[in-house]
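Okay, structure first, notes after.
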Amino acid sequence: MKVGGHRYGSSSGHQELLGEVLDDDSTLADAFIYSYKESFTGFSASLTPRERQKLMRRREVLEVSRSRNLKLQTTRSWDFMNLTLKAERNPENESDLVVAVIDSGIWPYSELFGSDSPPPPGWENKCENITCNNKIVGARSYYPKKEKYKWVEEKSVIDVTGHGTHVASIVAGRKVEKAGYFGLAEGTMRGGVPNAKIAVYKTCWRVIRKNGREDSVCREDNILKAIDDAIADKVDIISYSQGFQFTPLQKDKVSWAFLRALKNGILTSAAAGNYANNGKFYYTVANGAPWVMTVAASLKDRIFETKLELEGEDKPIIVYDTINTFETQDSFYPLLNEKAPPESTRKRELIAERNGYSILSNYDEKDKGKDVFFEFAQINLLDEAIKEREKGAIVLGGKSYDFNESIKLQFPIASIFLDEQKKSKLWDYYKKDQSKERLAKIHKTEEIPREEGWVPTVAHLSSRGPNCDSFLANILKPDIAAPGLDIIAGWPENVKLSSDRPANDYRHLRFNIMSGTSMACPHATGLALYLKSFKRWSPSAIKSALMTTSSEMTDDDNEFAYGSGHLNATKVRDPGLVYETHYQDYIDYLCKLGYNTKKLRSHVGSDKIDCSKTEIDHDADLNYPTMTARVPLPLDTPFKKVFHRTVTNVNDGEFTYLGEINYRGDKDFDEIIVDPPQLKFSELGETKTFTVTVTGISKRNWNKNRAFMTRNTWLTWTEKDGSRQVRSPIVIYSIKGPKACITLGPAPDNQQMKCYLVNVDFALYHGDCKQYQQLLKKVVHGRSAKDALVYCYKEVMSGFAAKLTAAEAEKLKVLLAES
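Residues 1 to 819 (UniProt numbering) are what the sequence shown spells out, left to right.
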């Protein structure tokens with residue numbers, strides 16, 4: 001909760017205020033959790049509904065809200081970004097940099113986390129449960145006092161999921177020879193800035209939910225306290241591989257805490273989220289505040305390929321979702337299934353059955369471990385299957401699976417996972433001649449290079465823009481893309497390789513392979529720190545350099561998938577020009593968009609902010625490295641958009657830059673004017689202002705799979721001798737139909753349903769409850785839309801809350817995304 005007034009500005013003041021509202025049977029020691037000073041002004045506490053109401057009535061209290069659970073988002077990748085072992089380094093400056101990793105803890109005993117250089121001057125080591133060393137200079141945990149789950153781990157910074165260790169080693173793991181994963185990806189493992197220091201803030205914990213499954217819980221109040229401490233510790237950058245699919249900026253306390261960090265000179269690199277559902281869903285980007293560097297996940301230039309060879313077939317079935325580290329002993333094994341030919345003389349025994357699926361024992365004890373068993377079943381039968389097969393092999397398949405999607409599919413026996421299409425191929429082969437025994441072999445996974453001329457593309461899981469918040473509709477998100485699929489990095493030797501499934505996987509290794517924007521984020525963090533070891537620039541200047549020197553990506557994904565492009569270390573130290581945006585610029589921008597003064601003061605913790613004299617301008621501009629605008633409805637309407645930008649020269653000497661619009665194929669706009677067309681600089685730090693005016697018509701030629709149409713091109717400022725290029729995308733888009741951003745909220749009393757927040761475009765719905773009911777009529781079953789609708793929102797967000805089943809929520813998302 002946020003409080004105002006000097007009397008309650010300290011921890012003792014927070015406790016005094018809390019003590020005044022507690023019921024007789026509540027104690028201050030049990031209720032009080034954290035006091036916040038840096039990330040926002042206030043405290044967290046465990047309260048009854050009555051106590052919460054009493055607190056809300058206090059004049060000093062600005063806001064009281066529930067703490068949410070956020071989600072974890074999850075070596076050649078540095079070479080792929082051109083930050084090789086031979087790249088020029090500044091080891092002395094690099095060793096004075098500290099990265100804050102807010103995640104699931106760390107495995108401090110890994111050889112990746114050693115260092116010979118001392119901590120930075122003036123740094124105070126703060127380590128819980130472990131001894132700080134020259135690499136890990138801080139390690140603290142934030143353990144929830146009260147929670148409804150059964151805890152798997154004790155209060156400690158030790159990582160029991162592997163996520164935090166993996167992330168930390170990508171950023172700053174030191175060089176380790178002979179790294180690899182059972183013969184795959186062998187070589188030298190190291191982070192982007194191997195000399196930098198790591199401060200760990202553990203906010204995610206392993207729990208057992210009511211259904212018996214293990215999961216990670218990342219409490220919002222814990223995260224805010226971690227950010228609070230990171231700011232006070234004066235870290236150089238925050239790496240944040242967590243997030244929620246969408247939260248309106250006004251409600252997103254974590255993003256506001258990152259603005260406080262920026263005010264203190266700290267850049268935040270954050271994961272864009274893994275909610276794209278094979279690239280189908282736009283408006284899913286997380287951590288989309290403009291002061292955050294939002295990172296998408298890309299594919300790298302090598303892939304893991306696994307083959308299922310079928311006897312008598314010319315071509316094997318090839319997949320890229322599974323890693324199989326086992327060699328099957330014989331050439332081919334019998335291919336078995338519970339629907340085996342009835343004339344088979346071998347005996348079978350049912351050993352497990354669940355949800356209509358079955359797992360069968362081997363046909364004969366002497367053949368144990370010598371067959372390829374395929375079962376397109378629920379993964380919750382996998383434990384029994386692996387236990388029974390022992391040294392055999394297993395084929396799994398289906399439309400979806402319930403693994404931790406950030407960990408590559410891998411099992412303690414030879415295995416392969418088939419999608420729907422490839423599953424059908426195997427089933428057709430099996431049924432083709434049932435009088436004949438079918439034979440198959442799963443090959444060991446190989447790492448192979450992609451075809452020549454391949455250009456980086458965005459991963460299928462990486463969340464897409466546009467930004468869901470109407471306040472941020474004209475900010476292109478994500479900002480940048482970085483390698484995020486099949487990343488090998490450090491792993492706790494006390495954690496099994498395949499995470500929570502299967503239970504009987506007892507393999508342990510120093511390294512593991514993970515995928516997701518959680519892995520992309522630390523790549524951006526590492527490159528930002530690498531740049532900071534040479535240039536003591538502002539957070540926005542560093543972010544700008546990474547964005548404008550990025551590599552162009554394929555048109556297929558568009559900028560709402562990858563932002564400015566793909567991280568490239570080649571020219572990041574010499575971007576030529578940078579777009580700088582400071583703390584006050586963000587405040588002015590939010591005021592122009594119509595932000596409420598009282599709420600803005602509450603968010604940033606300052607009573608000096610006054611938006612009342614600011615003229616409202618919903619097309620307000622921010623000095624951002626990209627240029628984005630949503631043009632009005634209806635379609636086929638002429639538009640004109642003017643972007644105002646200021647660039648700063650970061651080199652000594654005289655330079656002239658020429659502006660050029662780089663059209664892709666046919667000209668996408670009627671006219672784009674850059675004024676002035678050239679910029680002349682005579683000294684370091686000199687600034688120049690220019691405008692880009694775009695005119696055209698929002699036409700009806702959008703992609704059918706998107707909820708919007710888009711036109712994009714590039715502005716490139718090229719230094720006269722061609723040595724430097726400053727590249728910025730220009731993106732104009734129109735909404736095709738209703739826009740929806742759905743997030744899971746607190747579960748209501750009806751346990752068969754959950755409460756969902758649905759954010760829609762205000763221009764289409766105007767906060768009209770009747771319109772929302774008409775929308776819900778198309779998705780709810782067995783009750784009225786009026787009963788499903790919980791709240792209509794107009795001030796805090798454009799949208800509504802509704803009680804929906806998971807199927808109804810999915811139907812609503814598809815309806816709004818594809819209508």
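We treat Cβ as the ideally placed atom computed from N, Cα and C, and that holds for glycine.
To the nearest angstrom, how far is it from the Cα of Ala-414 to the Cα of Thr-445? Taking the straight line from one Cα to the other gives about 10 Å.
Does the Cβ-Cβ distance between Asn-277 and Ile-442 come in under 8 Å? Against a cut-off of 8 Å, the Cβ pair of Ile-442 and Asn-277 comes out as no contact.
Starting from Val-295, trace the beta strand (DSSP E) both ways and give me its first and last residue. Per DSSP, Val-295 belongs to the beta strand (DSSP E) from 292-298.
Taking the beta strand (DSSP E) that His-644 falls in, what are its first and last residues? 638-649 is the extent of the beta strand (DSSP E) around His-644.
State the DSSP-derived secondary structure class of Lys-441, mapped to helix, strand or coil. For Lys-441, the secondary structure class from DSSP, reduced to helix, strand or coil, is strand.
So for Phe-471, helix, strand or coil by DSSP? In the displayed model, Phe-471 falls within a helix according to three-state DSSP.
Taking just the CA atoms, how far does Asn-274 sit from Leu-85? Rounded to whole angstroms, the gap between the alpha carbons of Leu-85 and Asn-274 is 30 Å.
Out of Leu-815, Gln-725, His-781 and Thr-689, which has the shortest C-alpha to C-alpha gap to Lys-803? With distances taken between CA atoms, Lys-803 lies nearest to His-781 out of Leu-815, Gln-725, His-781 and Thr-689.
Is any heavy atom in the ligand ATP found nearer than 7 Å to the beta carbon of Ala-545? The ligand ATP is absent from the structure shown, which contains no ligand whatsoever.
Starting from Gly-13, trace the alpha helix (DSSP H) in both directions and tell me its first and last residue. For Gly-13, the enclosing alpha helix (DSSP H) begins and ends at 11-19.
Here's a check: name, in chain order, each residue in its chain whose Cβ is nearer than 7 Å to the Cβ of Ile-130, leaving out the five neighbours to either side. Excluding its 5 nearest sequence neighbours in each direction, Ile-130 has C-beta neighbours in its own chain below 7 Å: Pro-108, Ala-139 and Val-157, listed in chain order.
In angstroms with no decimal places, state the Cα-to-Cα distance between Ser-550 and Asn-568. Distance between the alpha carbons of Ser-550 and Asn-568: 5 Å.
Selected residue, minimal CA-CA separation from Lys-234, among Leu-267, Ser-255, Gln-242 and Asp-252: If we check each option's Cα against that of Lys-234, Leu-267 comes out closest.
Own chain, CB closer than 8 Å to Ile-587, minus 5 neighbours either side, in chain order: Contacts found: Leu-600, Val-604 and Ile-609.
CB-CB under 8 Å to Glu-153, same chain, minus the five flanking residues each way: which ones, in chain order? Val-160, Trp-205 and Arg-206.
Residue range of the alpha helix (DSSP H) that Arg-52 falls in? Residues 49-56.
Beta carbon of Arg-302 nearer than 8 Å to that of Arg-450: The criterion of a C-beta distance shorter than 8 Å is satisfied by Arg-302 and Arg-450.
Would Lys-339 be called buried (16 or more neighbouring beta carbons within 10 Å of its own) or exposed? Low confidence applies to Lys-339: its pLDDT is 46, below 50, so where it sits in the model is not reliable enough to give any reading.
Only counting the same chain, and skipping five residues up and downstream in sequence, which positions put a Cβ closer than 7 Å to that of Leu-776? Non-local beta-carbon contacts of Leu-776 in its own chain, meaning distances under 7 Å to residues more than five positions away in sequence, involve Ala-785, Ala-788, Leu-789 and Ala-802 in chain order.
Rank Glu-311, Leu-812 and Ala-270 by C-alpha distance to the C-alpha of Leu-439 and give the top, closest one. With distances taken between Cα atoms, Leu-439 lies closest to Glu-311.
Is Pro-625 near Thr-548, with beta carbons less than 8 Å apart? Cβ atoms of Pro-625 and Thr-548: closer than 8 Å.
Cβ pair Ala-297, Asn-287 closer than 8 Å: Contact flag unset, no.
Pull up the DSSP beta-bridge partners for residue 820, would you. In the structure as shown, the chain begins at 1 and stops at 819. Residue 820 is therefore absent and cannot be evaluated.
Does Ser-400 come out as helix, strand or coil in the three-state DSSP assignment? Residue placement at Ser-400 is poorly supported in this model, since its pLDDT is 45, which falls under 50; the coordinates still yield a value, given next. When DSSP states are grouped into helix, strand and coil, Ser-400 belongs to the coil group.
Are the CB atoms of Leu-83 and Tyr-530 within a distance shorter than 8 Å? Closer than 8 Å, so yes.
By Cβ distance below 8 Å, which residues in the same chain neighbour Ile-616 in space, the five residues on each side in sequence not counted? Result list for Ile-616: Lys-592, Leu-593 and Gly-594, in chain order.
Quick check on the DSSP output: what are the complete beta strand (DSSP E) runs of length 3 or more inside the segment 150-186, in order along the chain? Qualifying beta strand (DSSP E) stretches, in chain order: 176-181.
Provide the residue(s) that pair with Asn-662 in DSSP beta bridges, ordered along the chain. Under DSSP, the beta-bridge partners assigned to Asn-662 are Trp-714.
Per DSSP, Gln-678 forms a beta bridge with which residues? According to DSSP, Gln-678 bridges with Leu-658.
Using CA atoms only, rank isn't needed, just tell me which of Asp-236, Asn-558, Trp-717 and Glu-220 is closest to Leu-97. The candidate whose alpha carbon is nearest that of Leu-97 is Asp-236.
Here's the rule: buried if 16 or more other CB atoms are within 10 angstroms of the residue's CB, otherwise exposed. What is Gly-722? It counts as exposed.
For the segment 240-258 and the segment 421-436, state whether three or more C-beta atom pairs, one from each stretch, are separated by less than 8 Å. Under the three-pair Cβ rule at 8 Å, the segment 240-258 does not count as touching the segment 421-436.
Short Cβ contact (8 Å threshold) for Thr-687 with Thr-718: No, Cβ-Cβ distance for Thr-687 and Thr-718 is not below 8 Å.
Exposure of residue 840, with buried meaning 16 or more beta-carbon neighbours within 10 Å: Residue 840 lies beyond the stretch modelled for the chain, which goes from 1 to 819, so this question has no answer here.
Inter-residue Cα distance where the pair is Ser-533 and Leu-308: Looking at the two C-alpha atoms, the distance is approximately 48 Å.
Please say whether Glu-51 and Leu-17 have beta carbons closer to each other than 8 Å? Cβ atoms of Leu-17 and Glu-51: not closer than 8 Å.
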